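Worksheet for the structure shown next.
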Amino acid sequence: MVEKELDFSEVEKRLGVSRRTFLKFCTGVAASLGLSTHAAIAMAAAVADPKRRPPVIWLHGQECTGPTEALLRSEQPSLEHLILDLISVDYHQTLDAGAGHQVEAVKKKAMQDNKGKYLLVIEGAIPIKDNGIYCKIAGETMLDITNEAAEHAAAIVAFGSCASWGGVQSASPNPTGATGAPQVLKDKTVVTIPGCPPNPANFIGTVLFFVTYGKLPPIDDKGRPKWAYGRLIHENCYRRPHFDAGRFANEFGDEGHRKGYCLYKLGCKGPETYNNCPSLEYNNIGGGVWPVGVGHPCFGCSEKGVGFDKPMFSLADVKTHTPPNMFPAIEQREASGGLTAGAAALAGAAAGAALGAAAMGAKKLDAKEGDQD
Amino acid sequence: MKRRDFLKVTVGGTAATLCTTAEARSNLEPAPQAVGMLFDSTLCVGCKACVSKCKQVNDMPPVIDGDELGWDSARDLSGDTLNVIKVYREGEAKTKDAEINGYCFEKQSCMHCVDPGCVSVCPCNAMRRDGLTGIVTHHPDVCIGCRYCMVSCPYNVPQFEYNELFGQIQKCQMCNQAGVERIDKGQMTGCAEVCPTGSTLFGSREALLQEARRRMELKPGEIYNYPRGDVRDPYSYHEKPAPTYKQHIWGEKEAGGTNVMHISAVSFDKLGMPPLQERSAASIAETVQHSVYSYLALPALALAGLSYTVRKNTRDDNGGEQ
Amino acid sequence: MSNHQALGGRIFTGPFIVLLVVFVIGCVFMVERFTEGMGAVSNLNGGFAWGIWVVYDVVVGTAFACGGYALAFMVYVFNKGQYHPLVRPAVLASLLGYAMGGFGAFFDMGRFWQFYEIFIPGNWNFNSVMLEVGLCVTAYIFVLTLEFAPALLEKLGLDGLLKALNKVLFLLIALGVLLPTMHQSSLGSLLIAAGHKVHPLWQSLHMQPVLALLTALIMGFSIVIFEASTSAVGFGRESESPLLAKLGKVIIGLLVAFLVIRLIVLMTQGKLGLIFGFDFASLMFLLEMALFVIPVFILLSPARRGRGSQLLIAAVSMLMAGALYRFSAFLFTYNPGPGYSYFPSVAEIMITLGIIALELMAYLVLVKTLPVLHPEKHA
Chain A
257 MVEKELDFSE VEKRLGVSRR TFLKFCTGVA ASLGLSTHAA IAMAAAVADP
307 KRRPPVIWLH GQECTGPTEA LLRSEQPSLE HLILDLISVD YHQTLDAGAG
357 HQVEAVKKKA MQDNKGKYLL VIEGAIPIKD NGIYCKIAGE TMLDITNEAA
407 EHAAAIVAFG SCASWGGVQS ASPNPTGATG APQVLKDKTV VTIPGCPPNP
457 ANFIGTVLFF VTYGKLPPID DKGRPKWAYG RLIHENCYRR PHFDAGRFAN
507 EFGDEGHRKG YCLYKLGCKG PETYNNCPSL EYNNIGGGVW PVGVGHPCFG
557 CSEKGVGFDK PMFSLADVKT HTPPNMFPAI EQREASGGLT AGAAALAGAA
607 AGAALGAAAM GAKKLDAKEG DQD
Chain B
26 MKRRDFLKVT VGGTAATLCT TAEARSNLEP APQAVGMLFD STLCVGCKAC
76 VSKCKQVNDM PPVIDGDELG WDSARDLSGD TLNVIKVYRE GEAKTKDAEI
126 NGYCFEKQSC MHCVDPGCVS VCPCNAMRRD GLTGIVTHHP DVCIGCRYCM
176 VSCPYNVPQF EYNELFGQIQ KCQMCNQAGV ERIDKGQMTG CAEVCPTGST
226 LFGSREALLQ EARRRMELKP GEIYNYPRGD VRDPYSYHEK PAPTYKQHIW
276 GEKEAGGTNV MHISAVSFDK LGMPPLQERS AASIAETVQH SVYSYLALPA
326 LALAGLSYTV RKNTRDDNGG EQ
Chain C
4 MSNHQALGGR IFTGPFIVLL VVFVIGCVFM VERFTEGMGA VSNLNGGFAW
54 GIWVVYDVVV GTAFACGGYA LAFMVYVFNK GQYHPLVRPA VLASLLGYAM
104 GGFGAFFDMG RFWQFYEIFI PGNWNFNSVM LEVGLCVTAY IFVLTLEFAP
154 ALLEKLGLDG LLKALNKVLF LLIALGVLLP TMHQSSLGSL LIAAGHKVHP
204 LWQSLHMQPV LALLTALIMG FSIVIFEAST SAVGFGRESE SPLLAKLGKV
254 IIGLLVAFLV IRLIVLMTQG KLGLIFGFDF ASLMFLLEMA LFVIPVFILL
304 SPARRGRGSQ LLIAAVSMLM AGALYRFSAF LFTYNPGPGY SYFPSVAEIM
354 ITLGIIALEL MAYLVLVKTL PVLHPEKHA
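Chain order of the listed sequences is A, B and C. So this note's numbering is basically just the index in the first sequence, starting at one, shifted up by 256. So this note's numbering is basically just the index in the second sequence, starting at one, shifted up by 25. So this note's numbering is basically just the index in the third sequence, starting at one, shifted up by 3.
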């Protein structure tokens, strides 16, 4: 789309990365989103343009700050710069240098100034029991803060499992009524990036898409971007051939475990968890760094009803293996003798010839007996 | 009066023979140390590890759909497939183990009948039931290929290799055929060994029946510790809430019972199980056959009567000339 | 010498050449069956292990070949000597029909190269109906060959052998009555072990052998009428209607016995309701019943019975009825389970037609060259 050479000198200076590294990063993000190199250039142009960086309000609820920590530890060259400069973070309780009323005032102002333009990122669950009194920031409940911030947001992203569906504190018996942002903001579209912690790549890709195209990428019924959460871990897992061949690790450290067999019998929730861990791994560290990669069964951190819900070592429901996925129906047979026109005609002709001959015989017999009489 | 002579001889003989030798053959009893398997359809996740292991143990090629070698896509039992996982699906096929808008998996393989039709009908004793373990094996060296075993099997298990000129009948022999002998060596069947959920469970028929009865007693949702491997000595367990089992252990009584039994949350007629009575067809066929042919007494008597009558009649007729 | 004559005349007639062509086409597929395997030519599958090779060639075909059996019963057991002229052609037809059955069985035999295993006593499973059928049919083919041998021996003028054979002929005839009784009933018993796969209307369990035997006799007598009528037409011989009419009277008893037993079985098994389900099976059943009942009415009337054409119609109706009874039980309404279907392939049908053509050609050649048929004016 952009023919003329883009000027990245400003970006190079600002982010402290080379033009080459920067473009490589954009291409990588575009690729994981399933977009073309044109899109990569468009993204690069969007990031390079300071005017297009959206202001961001970043809220923390009930959580461990895992998503932010993960984001800060992204293993791209100087990525923390890129992330923080990709967007204009106007309010972020963890990262803001300031504190107290001063910061709260900045937030209020930023929301006022950028009404309808800012990106709202929610991290952590929102307790709703007893009017949300179990999580307060600057004297206000998280419930109220969220509702207020959401009202004029251009887009809302729930980052991490806590914000997406409640996370660990929503586990039974859930004393605070911890709830995910989509459940609180029922009439808003909330993009969810679940995971505990979530993969920063999934956040960056989604935000870059938003920055570039001014809209959110396609999402599923749980608000998850389809590009990242469209497939079960089991579908792309490199231990899958072992599953299909019936080779399983029976216990930690046994022969099968050492040989890298499938971890299903150890309770791996890959077959019922939607995420792109097998293809992206974690934070681009490389070397197969993600739970299944290092020999631990997936526990379904990003899947509501699985992570923090199902017992760690209980068996997963295998969702890849649901019909019509390669299963013959009860009544399906290897080969069945079909009726062909030729065979039918032949059978008919043979039967017809026999009957015709008999009829002719009867006629002739009549004639003959007539002669004899 | 000749007709009367003949009738006298035959009717008398028939009555005598029937009275002395005809005793109804009832269903056979399970073998003293019958081994078998229990397939719990609600535990099956459809991983087909059992199908894969079965092919490995029995050294059978994959069934390829189309020209390209992709993966085994066997749709049914055949000369190349002794065990296959099939799916029941209804409506939207969303909920596992639901009859309406649900789906569930079903394993098809030899049931190792207690009173096997294939053994009863085979003219050459090419199908045999082991006296101790009750395992039904096939011996192609004496088989003529009449395929009566296929006709008499309620489950359509024995399969002839139609696509080979010198084909043979193939069926599951519970991993105990000559050259494999896993059971004799104290191992379990291949499919039970690899099953990750214990859906296919190995063991003695007695112990499996007890396990199945325990599961019938479970309240839906009740956490149950499901064993894996050999029910008498499981190598591991896993916990799972019990489904709503249909109160039916397939193979406990059907046609004399089977050594491979099935339990499920979907009724068995939907899973392709045949409409069987408690009495085996084989026992009825043998009763009829033995009433008529016991020690060949009846045919011998009939032959004597016929010879006598015919000789007399041919003499009367035209003096010995035909 | 007996009072039989060779018919003489040209062998390569029009119909013969047509049959020859059919046979040659059949041969092509026969070669294919024994080079590529059964799967290449047939539509047999996991559910339908038996196709027309078993059901037509063996089960129905041997019933068509029961003429020799039925007449032997009449002539030698019930001492009705007047039917004697019909015996030798009937024995020839039986021999050819059974040979065809054996031929068909060999085509159908999956492991044909070790067919002899069934003849090794050490292998025998006395529980098996198939063992009885296999051994009995084989024995009967030998018996039929010996029963027919006088025709050949007369032709060759081997009087010594002929005399020797005549001495034991009574035993052969006795066997010729006993063996078909055994295996024709067993062809019905074959169905018992198939259990639920046989449609309830045809699964009479304990009564299978009785019903099969009755149809064999009905079809046997019918085929005698059929053969006599067609040779009257085909070879321009005098009609034997008066003799056949008497035969017709005997058949009535068999037909009534069959119908009564059939219905009583259904009644005691509580299956009468299925007759009027008007599904495929019920229609097949009603058609079968109609084909059995129509001949009863034709044969009951002395006027109709006396007419060759009516007799032929009755005979064809009974042949079709018996064939339909067996076809329905073994194939048409046979249900091995969901998903299975079977219709014979062109190759399967051609092989069967080829064998039938061979049988008919052999009949034509043999009646023309050997003393089989009686002279036209019989005593």
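For every residue, glycine included, the Cβ atom is placed at its ideal position computed from N, Cα and C. Keep in mind it's a predicted model, so treat the numbers as computed, not measured.
Three-state secondary structure (DSSP) of residue i
i                 : result
Thr-462 (chain A) : helix
Asn-126 (chain C) : helix
Ala-123 (chain B) : coil
Thr-46 (chain B)  : The predicted model places Thr-46 (chain B) with a pLDDT of 48, which falls under 50 and marks its position as unreliable; any figure quoted below should be read in that light. Thr-46 (chain B) falls in the helix class under three-state DSSP.
Gly-612 (chain A) : helix
Gly-598 (chain A) : helix
Tyr-143 (chain C) : helix
Ser-331 (chain C) : helix
Pro-311 (chain A) : strand
Gly-71 (chain C)  : helix
Phe-3 (chain C)   : With chain C represented from 4 up to 382, any question about residue 3 (chain C) goes unanswered, as that position is not in the structure.
Proximity test, Cβ basis, 7 Å: residue i and chain A
i                 : result
Thr-45 (chain B)  : The predicted model places Thr-45 (chain B) with a pLDDT of 45, which falls under 50 and marks its position as unreliable; any figure quoted below should be read in that light. Taking Cβ atoms only, chain A never reaches closer than 7 Å to Thr-45 (chain B), which makes this a no.
Glu-264 (chain B) : yes
Lys-271 (chain B) : no
Ile-358 (chain C) : no
CB contact below 7 Å: residue i versus chain B
i                 : result
Arg-589 (chain A) : yes
Lys-478 (chain A) : no
Ala-142 (chain C) : no
Ser-192 (chain C) : yes
Ser-334 (chain A) : Bear in mind that the predicted position of Ser-334 (chain A) carries a pLDDT of just 47, short of 50, making it too unreliable to give a figure here.
Ser-428 (chain A) : no
Leu-519 (chain A) : no
Pro-341 (chain C) : yes
Of the residues the options, the one placed nearest residue i, counting alpha carbons only
i                 : options                                    : result
Thr-283 (chain B) : B:Phe-130, B:Ser-305, B:Ser-289, B:Tyr-270 : B:Ser-305
Gly-142 (chain B) : B:Thr-120, B:Asn-201, B:Lys-337, B:Ala-280 : B:Ala-280
Ala-217 (chain B) : B:His-163, B:Ser-319, B:Asp-255            : B:Asp-255
Leu-1 (chain B)   : B:Arg-153, B:His-164, B:Leu-301, B:Thr-269 : No answer is possible for residue 1 (chain B): it lies beyond the span of chain B, which begins at 26 and ends at 347.
Cys-171 (chain B) : C:Leu-204, C:Leu-361, C:Leu-147, C:Val-132 : C:Val-132
Arg-240 (chain B) : B:Pro-86, B:Ile-288, B:Ser-134             : B:Ile-288
Leu-234 (chain B) : B:His-273, B:Gly-246, B:Phe-185            : B:His-273
Thr-222 (chain B) : B:Ser-261, B:Gln-193, B:Arg-257            : B:Ser-261
Exposure label - residue i; buried when at least 16 CB within 10 Å
i                 : result
Leu-399 (chain A) : buried
Glu-325 (chain A) : exposed
Asp-65 (chain B)  : buried
His-294 (chain A) : exposed
Trp-53 (chain C)  : buried
Lys-121 (chain B) : buried
Gln-81 (chain B)  : exposed
Pro-553 (chain A) : buried
Under 7 Å between C-beta atoms of residue i and residue j
i                 : j                 : result
Pro-252 (chain B) : Pro-259 (chain B) : yes
Lys-624 (chain A) : Ser-242 (chain C) : yes
Ile-110 (chain B) : Leu-208 (chain C) : no
Cys-174 (chain B) : Pro-183 (chain B) : yes
Tyr-530 (chain A) : Tyr-494 (chain A) : no
His-377 (chain C) : Pro-153 (chain C) : no
Val-146 (chain B) : Ala-196 (chain C) : yes
Val-446 (chain A) : Ala-414 (chain A) : yes
Val-263 (chain C) : Gly-70 (chain C)  : no
Met-323 (chain C) : Ala-66 (chain C)  : no
Residue-chain proximity (residue i, chain C), Cβ-Cβ < 7 Å
i                 : result
Leu-441 (chain A) : no
Cβ-heavy atom distance, residue i to the ligand GDP, below 6 Å
i                 : result
Gly-325 (chain C) : The ligand GDP is not part of the structure shown, which contains no ligands of any sort.
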